[in-house]
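Take a look at the structure below.
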């Protein structure tokens, strides 16, 4: 199979929009009010943010096939490597996505990224933007005002003001500026931060929350041998800002707990691998976190999602819905399978009508089907207990991140097929 082959592209080519009974999109001469929805309060919202789209029907039109297969994720990685190379050499490069067959109304290739020599900052990095199922929906793209990812593709393809045209491209590459702070060079400050982390670690280890999440993970029907985290963020040490510190401490303590349990059982399993993916990480974060646990791996997109296998605990603490993590996971595994467990916030669909989804929904029909093979653990994180512990130990923090998290563990083999990554 060719590297750039994706059945999604071929099947989308069969989806004609000519026979659809749709309201024509607004033209540039029409009022921008046509792009807004007004609630009783009078507050306006862009239609792309609040409208629902029939994603179930859309997926059926291309055979309910996965989009972000592992093969396609490796293809994205190759495109990103090409862009990284051009960036490092300060060369210009236009990156194309070329389907095998002609796309409806658009020719046979699309621009998915551009690197321009001398038109970027030295600290720029290449970031991947994935389009969710809603963003790929033709009706969504007909709106003049739409998401940043669709807008980026329009800009690349000279389509920024041409609403109605469909760009059936599942990803784009974008240059973003990375914060290259030099905190790591401040020996005194780094020493203070290490002491602070050790104090926080003692609090966390002795907390009921640590025991609760540890017991839940140890009880997973599918053993956890790897932890992959998305969007935990850089470590801040401002007063009363402890959430991201605790997120990282939870991850590292879980890995340590799993290692100790395996050792007690006499298991020869290798130490639990920990992968952290977030473009916000700085050098100080790498040094501090690797000082707490050797072997922590900092990865960039799409290596994080490619690292997820059937024995992985996936953690996404408030990752933006613009990063469709659940949809990518569902695509990268064979149907009905998935990782050992995932810890994430708010995966409930925001529309009661069957098959309809909004742009801020984490799930798609395929992702919902994957979740059916998981058990949600209720009561793992008690709001009152967590808040009380936190206030007693840290003083004054109004909100604790784990209160909003949900833990889903994969069902036993007799209830659901054993997890297996799709090729």
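Residue numbers (full-length UniProt numbering): 1 to 423. Every residue, glycine too, gets a C-beta built ideally from N, C-alpha and C.
Below 8 Å, how does it come out for the stretch 214-231 and the stretch 266-285: are there three or more Cβ pairs, yes or no?
yes
Please state if the CB of residue 76 and the CB of residue 302 are separated by a distance shorter than 8 Å.
yes
Take the Cβ of residue 149 as the centre, count every other Cβ of all protein chains shown within 10 Å, and call the residue buried at 16 or more, exposed below.
buried
For residue 147 versus residue 367, is the C-beta spacing smaller than 8 Å?
Against a cut-off of 8 Å, the Cβ pair of residue 367 and residue 147 comes out as no contact.
Please state the DSSP three-state secondary structure of residue 124.
In the three-state reduction of the DSSP assignment, residue 124 falls in the strand class, which pools E and B.
Mark residue 186 as exposed unless 16 or more other C-beta atoms lie within 10 angstroms of its C-beta, in which case mark it buried.
Exposed, since its Cβ has fewer than 16 Cβ neighbours within 10 Å.
Can you grab the Cα-Cα spacing for the pair residue 262 / residue 139, in whole Å?
For the pair residue 262 and residue 139, the Cα-to-Cα distance works out to about 51 Å.
Check the DSSP bridge columns for residue 229 and list the partner residues they point to.
276, 315
For the structure I just gave you, are there three or more beta carbon pairs, one from the stretch 72-87 and one from the stretch 369-378, closer than 8 Å?
no
With C-beta atoms as the reference, is residue 133 less than 8 Å away from residue 55?
In this structure, residue 55 lies closer than 8 Å to residue 133 by Cβ.
DSSP on residue 95, reduced to helix/strand/coil?
Under the three-state reduction of DSSP output, residue 95 falls in the strand class.
For residue 235 versus residue 244, is the C-beta distance shorter than 8 Å?
yes
Which residues in the same chain as residue 405 place their Cβ atom closer than 8 Å to its Cβ, once the five residues preceding and following it in sequence are excluded?
Taking C-beta separations shorter than 8 Å and ignoring five residues to either side along the sequence, the partners of residue 405 in its chain run 317, 343, 344, 345, 381, following chain order.
Hey, would you say residue 217 sits closer than 8 Å to residue 289, going by beta carbons?
no
Buried or exposed by the 16-neighbour rule on C-beta atoms within 10 Å, applied to residue 294
exposed
Per DSSP, which residues does residue 408 bridge with? Please list them.
342, 376
Just mark residue 96 as buried or exposed, buried being the case when its beta carbon has 16 or more other beta carbons within 10 Å.
exposed
Under 8 Å between the Cβ atoms of residue 341 and residue 410?
yes
With residue 191 as the anchor, note down where its alpha helix (DSSP H) starts and where it stops.
187-205
For residue 280, count neighbouring C-beta atoms within 10 Å of its own C-beta (all shown protein chains included) and say buried if the count is 16 or more, exposed if not.
exposed
What does the alpha-carbon distance come out to for the pair residue 145 and residue 131?
16 Å
Residue range of the alpha helix (DSSP H) that includes residue 88
70-88
Measure the beta-carbon distance from residue 326 to residue 52 and round it to whole angstroms, keeping in mind my assumption that it falls under 8 Å.
Rounded, the Cβ-Cβ distance is 18 Å, inconsistent with contact.
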